[in-house]
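Notes follow once the structure below has been shown.
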Amino acid sequence: MSLIEWREEYSTGIPGVDHEHEELIALINSIYEMLDNSADKAKIVSCLGDIYGSISSHFALEEKWMEQNNYDEYAEHRKDHESLLDDIGEITDEVEATDRLNAEQLRSKLNDWFLIHFKTHDSRLHQAEQNK
Ligand SMILES: [Fe+2]
Ligand SMILES: [Fe+2]
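Residue 232 in the numbering used here sits at position 96 of the sequence shown, with consecutive numbering throughout.
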């Protein structure tokens, strides 16, 4: 049961970066696969916490590079990272309040977000990394 699948539209056009993003998606899926129908609230919350953790460590690496290299769009890029993490936080709050995970909502949030973020912010950033 995959949460999200790699899509060709996610591609930044830089093979090494796409590979990293594919790995991130695989990691998110492997965490999500630990959930089954009988998963209780605590298990779902801890799964979402792990997904949050894997995404935020990927972001932290990018942010470190941007900071060290005085990247011109650092603030905007970071803001987009924060907004996804906030959304995952909100989904987690909802589980806390309702005992249920709206998997469809999480899936569509991640899909939309990756589609836009990878194509715009990340492809620009990773292009700059390559030109260093
Ligand atoms: Fe990235
Ligand atoms: Fe990014």
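C-beta atoms are modelled at their ideal positions from N, C-alpha and C, and glycine is treated no differently.
Let's test the definition: count the other Cβ atoms within 10 Å of the Cβ of H257 and tell me whether it reaches 16, buried, or not, exposed.
buried
Would you say the segment 155–162 touches the segment 244–260, given that touching needs at least three Cβ pairs under 8 angstroms?
yes
Which value, in whole angstroms, describes the spacing of the CA atoms of A233 and A264?
42 angstroms
Minimum C-alpha distance to D222 - residue among I187, E240, E203
I187
Considering only residues of the same chain and omitting the five flanking positions on each side of H262, which have a CB-CB separation below 7 angstroms?
T148, I150, V153
Within 10 angstroms of its Cβ, does L237 collect 16 or more other Cβ (buried), or is it exposed?
buried
Based on Cα-Cα distance, which residue from S182, H217, G189 lies nearest to E198?
H217
Which parts of the segment 155–219 are runs of the beta strand (DSSP E), unbroken and 3 residues or longer, counting only runs that do not cross its ends?
none
Supposed close pair I227, Q241 - CB separation, criterion 8 angstroms
7 angstroms
Using the rule of at least 16 other Cβ atoms within 10 Å of the residue's Cβ for burial, across every protein chain shown, is M202 buried or exposed?
buried
Any non-hydrogen atom of ligand 1 within 7 angstroms of H155 CB
no
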